[in-house]
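Reading through the structure tokens given below for one structure.
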Amino acid sequence: MKRNYVPTGIWLPLLSLVALGVAGCGGDPVDSGATESASAGGGSQGGVGGGAGDGGAAAAGTGGTTATGGPATGGGDPGATAATTTAATTTAATTTAATTTTGTGGSTPVSCDYPAGYENGSITWYTLDQGSIEVNCSFEIKGRNPDVVAHVPFGGGQYFAAMNTADYNDAAVCGACVEVSRDDGRKVQAMVVDQCPIGTNPKCKAGHIDLSKNAFLQIGQEQEGYLGTTNGGAVGKISWKYIPCPTTETVSFRLKDATNQYWNEILVEGHTHPIAKVDVEINGTWQTATRQPYNYWLVGDGNMGSPPYHVRATDINGSTVEAMLELKAGAQPASAQLSACE
Numbered sequence: 001m002k003r004n005y006v007p008t009g010i011w012l013p014l015l016s017l018v019a020l021g022v023a024g025c026g027g028d029p030v031d032s033g034a035t036e037s038a039s040a041g042g043g044s045q046g047g048v049g050g051g052a053g054d055g056g057a058a059a060a061g062t063g064g065t066t067a068t069g070g071p072a073t074g075g076g077d078p079g080a081t082a083a084t085t086t087a088a089t090t091t092a093a094t095t096t097a098a099t100t101t102t103g104t105g106g107s108t109p110v111s112c113d114y115p116a117g118y119e120n121g122s123i124t125w126y127t128l129d130q131g132s133i134e135v136n137c138s139f140e141i142k143g144r145n146p147d148v149v150a151h152v153p154f155g156g157g158q159y160f161a162a163m164n165t166a167d168y169n170d171a172a173v174c175g176a177c178v179e180v181s182r183d184d185g186r187k188v189q190a191m192v193v194d195q196c197p198i199g200t201n202p203k204c205k206a207g208h209i210d211l212s213k214n215a216f217l218q219i220g221q222e223q224e225g226y227l228g229t230t231n232g233g234a235v236g237k238i239s240w241k242y243i244p245c246p247t248t249e250t251v252s253f254r255l256k257d258a259t260n261q262y263w264n265e266i267l268v269e270g271h272t273h274p275i276a277k278v279d280v281e282i283n284g285t286w287q288t289a290t291r292q293p294y295n296y297w298l299v300g301d302g303n304m305g306s307p308p309y310h311v312r313a314t315d316i317n318g319s320t321v322e323a324m325l326e327l328k329a330g331a332q333p334a335s336a337q338l339s340a341c342e
């Protein structure tokens with residue numbers, strides 16, 4: 001939703017307070033199945049056998065608030081003049097063409113450097129209609145009933161997850177894929193697209209994942225609700241680990257504001273491994289961006305100079321992919337995927 005260049009950080013704390021006021025909390029496992037993730041727009045109260053949506057705080061994509069109640073866009077003066085840099089460190093040649101370029105993406109496999117999983121985890125389930133205007137990682141919601149999120153490579157986009165606050169780690173695992181196992185041998189794979197906020201639900205502690213309902217049903221029954229006896233659940237033992245995402249896409253980038261040349265943020269999508277770093281080349285010098293809790297990356301005050309913007313994403317394994325971004329809406333693909341890892 002366009003804001004006519006007024007920083008959304010001015011308005012969205014108020015929206016977040018509203019979301020917090022209407023959000024419901026997951027009840028006792030006997031009464032309600034799912035916990036709350038940090039989907040946008042607050043959550044519903046849930047009912048018997050159902051989940052209390054992922055509410056509390058909103059997610060961020062184009063106009064929600066963050067999982068912690070902060071602004072969805074960050075700061076920056078959209079009316080500022082072109083950004084300047086004074087750093088005299090390593091420089092790279094500025095590319096003026098609007099075509100994409102790549103770094104090490106697609107080369108020989110590298111070593112996987114994934115976070116540790118959990119032998120003693122737990123899971124619940126939720127649906128987007130329980131309060132999700134957007135998901136906290138800012139990926140596009142493609143459908144409801146059944147719920148489908150963009151870039152999710154499992155279950156036709158239906159098998160996704162909201163990660164607990166500690167492991168969400170300010171969006172560090174957005175776009176990561178996980179494999180969840182039950183002690184009876186059943187397994188399901190899902191992509192992290194959301195946050196399950198401990199601030200509004202005690203179930204969302206370290207090791208907990210709130211799965212989309214259709215993902216949960218691959219290893220549990222709806223009425224079981226809260227699985228993971230070694231992490232607070234009523235039945236079943238749950239373990240989970242991070243895995244490479246089996247995406248067939250190339251990495252793509254998206255600008256938060258399609259028309260504002262004085263302020264912007266960057267979203268990275270369609271990656272096989274979690275993204276650890278984003279840099280933007282400004283006046284011949286690479287500037288490191290700061291990841292926002294809603295998964296967009298902000299460089300300085302948001303002024304990246306004149307388009308096209310030369311950007312570089314680095315995953316947790318050290319592989320990189322680059323692209324030249326025009327000032328326009330929609331996904332802008334790089335020409336490669338990040339390197340496989342083993």
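Residue numbering for the sequence shown follows this note's numbering, beginning at 1 and increasing consecutively.
Positions of the beta carbon are idealized from the N, C-alpha and C atoms, including for glycine.
A quick note: this is a predicted structure, and the numbers were derived from the prediction, not measured.
Status (buried if at least 16 other CB within 10 Å, exposed otherwise) for Asp31: Counting from one through the sequence shown, the residue named residue 31 turns up at place 31. Caution applies to Asp31, whose pLDDT of 32 falls short of 50 and renders its modelled position unreliable; the model cannot decide the point.
Check whether the region 239-251 touches the region 270-280, counting contact only when three or more Cβ pairs, one atom from each stretch, lie closer than 8 Å. With the cut-off at 8 Å, the region 239-251 and the region 270-280 touch.
Within the same chain, show all residues whose beta-carbon is closer than 6 Å to that of Arg254, passing over the 5 residues directly before and after it, in chain order. The sequence position of residue 254 within the sequence shown is 254, counting from 1. Closer than 6 Å at Cβ, skipping near neighbours: Leu267 and Ala331.
Kindly list the residues whose CB is nearer than 6 Å to the CB of Glu342, restricted to its own chain and excluding five residues on each side of it in sequence; keep chain order. On the sequence shown, residue 342 is found 342 positions in, with the first residue counted as 1. Correct list, in chain order: Pro109.
Taking DSSP as the reference, what is the three-state secondary structure of Leu255? Working through the sequence shown from its first residue, we reach residue 255 at position 255. Strand.
Just the C-alpha distance for Val135 and Val278, rounded to the nearest angstrom, thanks. The sequence position of residue 135 within the sequence shown is 135, counting from 1. The sequence position of residue 278 within the sequence shown is 278, counting from 1. As the crow flies, the alpha-carbon of Val135 is around 21 Å from that of Val278.
May I ask you to list the residues that DSSP assigns as paired with His310? Here residue 310 refers to the residue found at position 310 when the sequence shown is read from its first residue. Beta-bridge partners assigned by DSSP to His310: Glu281 and Met324.
Which value, in whole angstroms, describes the spacing of the CA atoms of Thr290 and Val299? Here residue 290 refers to the residue found at position 290 of the sequence shown. Here residue 299 refers to the residue found at position 299 of the sequence shown. Answer to the nearest angstrom: the Cα atoms are 6 Å apart.
Identify whether Asp183 lies in helix, strand or coil by the three-state DSSP scheme. As a working mapping, residue 183 is identified with position 183 in the sequence shown. The answer is coil: DSSP assigns Asp183 none of H, G, I, E or B.
Length of the line joining the Cα atoms of Phe160 and Gln223: Mapped onto the sequence shown, residue 160 falls at position 160. Mapped onto the sequence shown, residue 223 falls at position 223. Pairing Phe160 with Gln223, the inter-Cα distance amounts to about 19 Å.
Three-way DSSP call (helix, strand, coil) for Ser37 in this model: Within the sequence shown, residue 37 is the residue found at index 37, counting from 1. No answer about Ser37 holds up, because its pLDDT of 49 lies below 50 and its placement is not dependable.
Using the rule of at least 16 other Cβ atoms within 10 Å of the residue's Cβ for burial, across every protein chain shown, is Asp129 buried or exposed? Counting from 1 along the sequence shown, the entry for residue 129 is found at position 129. Classification for Asp129: exposed.
Please name the residue, chosen from Val149, Gly156 and Ala215, that lies closest to Val180 on a Cα-to-Cα basis. Along the sequence shown, read from residue 1 onward, the residue named residue 180 stands at position 180. Ranking the options by Cα distance to Val180, first place goes to Ala215.
Can you name the residues that DSSP bridges to Gln287? Counted from its first residue, the sequence shown places residue 287 at position 287. According to DSSP, which records beta bridges pairwise, Gln287 is partnered with Val280.
Give me, in chain order, the residues of the same chain whose beta-carbon lies closer than 6 Å to that of Asn120; leave out the 5 immediate sequence neighbours on both sides. As a working mapping, residue 120 is identified with position 120 in the sequence shown. The answer, listed in chain order, is Thr230 and Asn231.
Find out if the Cβ-Cβ distance for the pair Pro293, Ala150 is shorter than 9 Å. Residue 293 sits at position 293 when you count from the first residue of the sequence shown. Residue 150 sits at position 150 when you count from the first residue of the sequence shown. Taking 9 Å as the Cβ cut-off, Pro293 and Ala150 do not qualify as a contacting pair.
Throw me the rounded Cβ distance for the Gln195 and Ile243 pair, which I believe falls under 8 Å. The residue given as residue 195 occupies position 195 in the sequence shown. The residue given as residue 243 occupies position 243 in the sequence shown. Rounded, the Cβ-Cβ distance is 20 Å, inconsistent with contact.
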